[in-house]
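Residue numbers (the numbering used here), protein chains in the order written: chain D, 2 to 420; chain L, 2 to 164. Encoded as structure tokens, the structure appears first; notes follow it.
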């Protein structure tokens, strides 16, 4: 049977024959992930199951990236639960201190996820690793707790929507814009229970980081995974992260797709997701002029080095508007160091940005950038749900890093070319 | 299980931040999470709910985060069943694992209004709207998921596998 990428990867992890969508298959997992919000519940379930040890101490990752350094006593208590569990189980990949980064940026750069893997994480943006050709999906804590104990989980084989992206982008348009455009087209439930499989010349031209930015937001269309074929770029990336044995992977010719969506990016303007859903997408010129009070550049969507470079290119030699708080959060310590080495940190500081440690904080209204009533933010994050970043009376607009940086300078939403 | 209660209707694409905002995720206690259920939709929403009332939603209910705190907060609020046009994937799976019953009714959702008295038989999938007399039949639970429910949830299911 000709298989989609999703079917192909699941097939490698199960002894059952993967026959097609709707079938429930038991799969061995390559890695299980939880963070400081979801791990305490996973640990509670793990104990309730009577489990005494994790299935493989090298294949469980616990990343305390949401509320760390701890914002209050309750979050400190939660992290303590995770830390104690990691020590007790001898978990190799526990991150909390100076090595911690935003999980979905950290794990790929450490080579813990890659082509052909099945990864489940108690975090909805686990789908990011689809950018590397991994069947990676978010689940709840109890599913993750069970997988930490059993080393396996069940999946319903998803039908696949094929997304072919072609054309040549203009300046200041890239992966984030392609994805926002797609979500705007198919809607936040457009890929509900389904896999998204990306291809086409514009996707081939993207960096691996850009592909991860797109895969990251598959969940924002309701998708189970967002998958990319594995090419030489992927293999170069994973080899640099210390992995060996990864191989090219493509969907079979003749694989069955539920639907094919085609997008031509030629002439596309930077895309903005307006409140309060990620599918409320408009070209930047339609929302230009709206005053912003905060800009956030970072997160598992756009906190990688390319994003830092993109933002810095706009901020260089300019000043953030005095009415705006521009928060820059490189997603991992190595991105931080790289940005420092390249002089980007100086650019950010000279422009008047607030540069922080790697954290998920502001994206989910956790800490380090909460909005008051009536405030408006432009953010490179992934969700603009009502109240996501703070007050129910605040607003979040989603954009790429160049637009967020430009808007911080202008004090209002603006196309970077119009600065 | 048979449940009789008042419906509380919410809209389409109700996300996990609406169900339980991130600022409350510093606990795993069902009562505490329940006391803040739907606080991201409307402050004090929970005050209108009595135990065994039923949440009724539109399309894509529970979209967003993987936080299991969302079904826990609904259960903690005393709501045993959510009826919706459709559910988001992670939320659907979490709810089964936690023992929150979900009933997907598609377009029949229009037959339920805010404040209607509903009678729900979770085993047969039959929903009777006592206020209007409408009857709605949901699709049966897939066999494998029924196995998890029969075991008493995923914790019990995994416990058996580990034994």
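Just so it is clear, CB atoms sit at the ideal spot from N, CA and C, and this is done for glycine as well.
Could you tell me which residues DSSP pairs with residue 154 (chain D) in its beta bridges?
Taking the first chain and counting its residues from 1, the one referred to as residue 154 (chain D) is at position 153. DSSP output for residue 154 (chain D) lists D:28 as bridge partner(s).
Return the bridge partner residues of residue 328 (chain D) from the DSSP annotation.
Numbered from 1 along the first chain, position 327 holds the residue referred to as residue 328 (chain D). Looking at the DSSP output, residue 328 (chain D) bridges to D:297 and D:355.
Return no unless some Cβ of chain D is closer than 8 Å to the Cβ of residue 39 (chain L).
Here residue 39 (chain L) refers to the residue found at position 38 when the second chain is read from its first residue. No - not a single Cβ of chain D is within 8 Å of the one on residue 39 (chain L).
Just checking: is the beta-carbon of residue 111 (chain L) within a distance shorter than 8 Å of some beta-carbon in chain B?
The chain labelled as chain B is not found among the protein chains of the depicted structure, namely D and L.
What residues from chain L crowd round residue 75 (chain D), counting only those whose CB sits closer than 8 Å?
Working through the first chain from its first residue, we reach residue 75 (chain D) at position 74. In chain order: 27 and 28.
To the nearest angstrom, how far is it from the Cα of residue 145 (chain L) to the Cα of residue 153 (chain D)?
For the purposes of this step, residue 145 (chain L) is identified with residue 144 of the second chain, where counting begins at 1. For the purposes of this step, residue 153 (chain D) is identified with residue 152 of the first chain, where counting begins at 1. In a straight line, the C-alpha of residue 145 (chain L) is about 15 Å away from that of residue 153 (chain D).
Report the rounded CA-to-CA distance for residue 98 (chain L) versus residue 144 (chain D), giving the unit in angstroms.
For this step, residue 98 (chain L) is matched to residue 97 along the second chain. For this step, residue 144 (chain D) is matched to residue 143 along the first chain. Distance between the alpha carbons of residue 98 (chain L) and residue 144 (chain D) is about 8 Å.
Contact list for the region 113-133 of chain L against chain D, Cβ threshold 7 Å:
Cβ contacts with chain D: none found.
Which residues, in chain order, does the region 66-96 of chain L contribute to contact with chain D at a C-beta distance below 7 Å?
Using a CB distance below 7 Å, the part of the region 66-96 of chain L facing chain D consists of 66, 67, 68, 69, 87, 89, 90, 91, 94 and 95, ordered along the chain.
Residue 137 (chain L) in three-state terms, based on DSSP:
Reading the second chain from its first residue, position 136 is the one you call residue 137 (chain L). In this structure, residue 137 (chain L) counts as strand in the three-state DSSP scheme.
Can you find the residues in the same chain that come closer than 7 Å, C-beta to C-beta, to residue 151 (chain D), ignoring five residues on each side of it along the sequence?
Counting from one through the first chain, the residue named residue 151 (chain D) turns up at place 150. Within the same chain, Cβ atoms closer than 7 Å to the Cβ of residue 151 (chain D) are found at 56, the five residues on either side in sequence being excluded.
Roughly how many whole angstroms lie between the Cα atoms of residue 68 (chain D) and residue 14 (chain L)?
Taking the first residue of the first chain as 1, we reach residue 68 (chain D) at position 67. Taking the first residue of the second chain as 1, we reach residue 14 (chain L) at position 13. Straight-line measurement puts the Cα of residue 14 (chain L) at about 26 Å from the Cα of residue 68 (chain D).
State the DSSP-derived secondary structure class of residue 37 (chain L), mapped to helix, strand or coil.
Along the second chain, one-based indexing puts residue 37 (chain L) at 36. Coil at residue 37 (chain L), not helix or strand.
State whether the region 341-355 of chain D contacts the region 202-220 of chain D, with contact taken as three or more CB pairs (one from each stretch) at a distance under 8 Å.
The region 202-220 of chain D and the region 341-355 of chain D do not touch, with fewer than three beta-carbon pairs separated by less than 8 Å.
Cβ distance (whole Å) where residue 65 (chain D) is taken to contact residue 80 (chain D) below 8 Å:
For this step, residue 65 (chain D) is matched to residue 64 along the first chain. For this step, residue 80 (chain D) is matched to residue 79 along the first chain. With a contact defined as Cβ atoms closer than 8 Å, residue 65 (chain D) and residue 80 (chain D) qualify at about 5 Å.
Beta strand (DSSP E) containing residue 103 (chain L): first to last residue?
By 1-based counting over the second chain, the position of residue 103 (chain L) is 102. For residue 103 (chain L), the uninterrupted beta strand (DSSP E) run begins and ends at 102-105, by DSSP.
Select from D:6, D:227 and D:402 the residue whose C-alpha is nearest the C-alpha of residue 128 (chain D).
As a first step, residue 128 (chain D) must be located in the first chain, where it is residue number 127. Residue 128 (chain D) has its Cα closest to that of D:227, out of D:6, D:227 and D:402.
Is the beta carbon of residue 199 (chain D) less than 8 Å from the beta carbon of residue 158 (chain D)?
What you label residue 199 (chain D) is simply residue 198 of the first chain in a count that begins at 1. What you label residue 158 (chain D) is simply residue 157 of the first chain in a count that begins at 1. Result no, Cβ atoms of residue 199 (chain D) and residue 158 (chain D) do not sit closer than 8 Å.
Spatial distance of residue 161 (chain L) from residue 283 (chain D) (CA atoms):
As a position in the second chain, residue 161 (chain L) is number 160, starting the count at 1. As a position in the first chain, residue 283 (chain D) is number 282, starting the count at 1. Their Cα atoms are separated by approximately 51 Å.
Compare the Cα-Cα distances from residue 60 (chain L) to each of D:111, D:222, D:356 and D:374 and report the closest residue.
Position 59 of the second chain holds residue 60 (chain L). Out of D:111, D:222, D:356 and D:374, D:222 has the C-alpha closest to the C-alpha of residue 60 (chain L).
Under the rule that 16 or more other beta-carbon atoms within 10 Å means buried, what is residue 5 (chain L), buried or exposed?
By one-based count along the second chain, residue 5 (chain L) stands at place 4. Residue environment analysis places residue 5 (chain L) among the exposed positions, since fewer than 16 neighbouring C-beta atoms fall within 10 angstroms of its C-beta.
Continuous beta strand (DSSP E) assignments of at least 3 residues falling wholly in the region 192-247 of chain D:
Taking only runs of at least 3 residues, the beta strand (DSSP E) segments lying wholly in the region 192-247 of chain D are 196-200 and 226-229.
Residue 171 (chain D) versus residue 269 (chain D) - alpha carbon distance:
Numbered from its first residue, the first chain carries residue 171 (chain D) at position 170. Numbered from its first residue, the first chain carries residue 269 (chain D) at position 268. Whole-angstrom Cα-Cα distance: 7 Å.
Looking at the structure shown, is residue 6 (chain D) part of a helix, part of a strand, or coil, going by DSSP?
As a first step, residue 6 (chain D) is located in the first chain; it is residue number 5 there, counting from the start. Residue state, collapsed to three classes: helix.
Residue-level contact to chain L via CB, residue 106 (chain D), 8 Å cutoff
Position 105 of the first chain, counting from 1, holds the residue named residue 106 (chain D). Residue-level contact by beta carbon fails for residue 106 (chain D) and chain L, as no gap is shorter than 8 Å.
List the residues of chain L that residue 39 (chain D) touches, going by C-beta distances under 8 Å, in chain order.
Within the first chain, the letter at position 38 stands for residue 39 (chain D). Those within 8 Å of residue 39 (chain D) in chain L are 67, 68 and 69.
Evaluate the contact criterion for the region 84-93 of chain D versus the region 115-129 of chain D: three or more CB pairs, one atom per stretch, below 8 Å.
Touching, no, given that fewer than three Cβ pairs across the two stretches are closer than 8 Å.
Are the CB atoms of residue 110 (chain L) and residue 136 (chain L) nearer to each other than 8 Å?
The count along the second chain starts at 1 and reaches residue 110 (chain L) at position 109. The count along the second chain starts at 1 and reaches residue 136 (chain L) at position 135. Contact flag unset, no.
Helix, strand or coil: which one does DSSP assign to residue 95 (chain L)?
As a working mapping, residue 95 (chain L) is identified with position 94 in the second chain. Here residue 95 (chain L) sits in helix by DSSP.
By the 10 Å Cβ neighbour count, where 16 or more other Cβ atoms means buried, how is residue 51 (chain L) classified, buried or exposed?
For this step, residue 51 (chain L) is matched to residue 50 along the second chain. So residue 51 (chain L) counts as exposed.
Can you confirm whether the region 235-249 of chain D touches the region 322-331 of chain D when touching is taken to mean that 3 or more C-beta pairs between the two stretches lie within less than 8 Å?
Verdict: no, contact absent.
Can you give the Cα-Cα distance for residue 286 (chain D) and residue 413 (chain D), rounded to whole angstroms?
On the first chain, position 285 is the one that residue 286 (chain D) refers to. On the first chain, position 412 is the one that residue 413 (chain D) refers to. One C-alpha to the other measures close to 12 Å.
What is the residue span of the alpha helix (DSSP H) that residue 77 (chain L) lies within?
Counting from 1 along the second chain, the entry for residue 77 (chain L) is found at position 76. That run of the alpha helix (DSSP H) goes 70-77.
Output needed in chain order: residues of the region 6-25 of chain L with a Cβ under 9 Å from some Cβ in chain D.
With the criterion set as a beta carbon lying under 9 Å from some beta carbon of chain D, the members of the region 6-25 of chain L are 13, 14, 16, 17, 18, 19, 22, 23 and 24, in sequence order.
So residue 389 (chain D) contacts chain L; which residues on that side make the cut at Cβ distance below 9 Å?
The sequence position of residue 389 (chain D) within the first chain is 388, counting from 1. Those within 9 Å of residue 389 (chain D) in chain L are 16, 18, 22, 23, 41 and 65.
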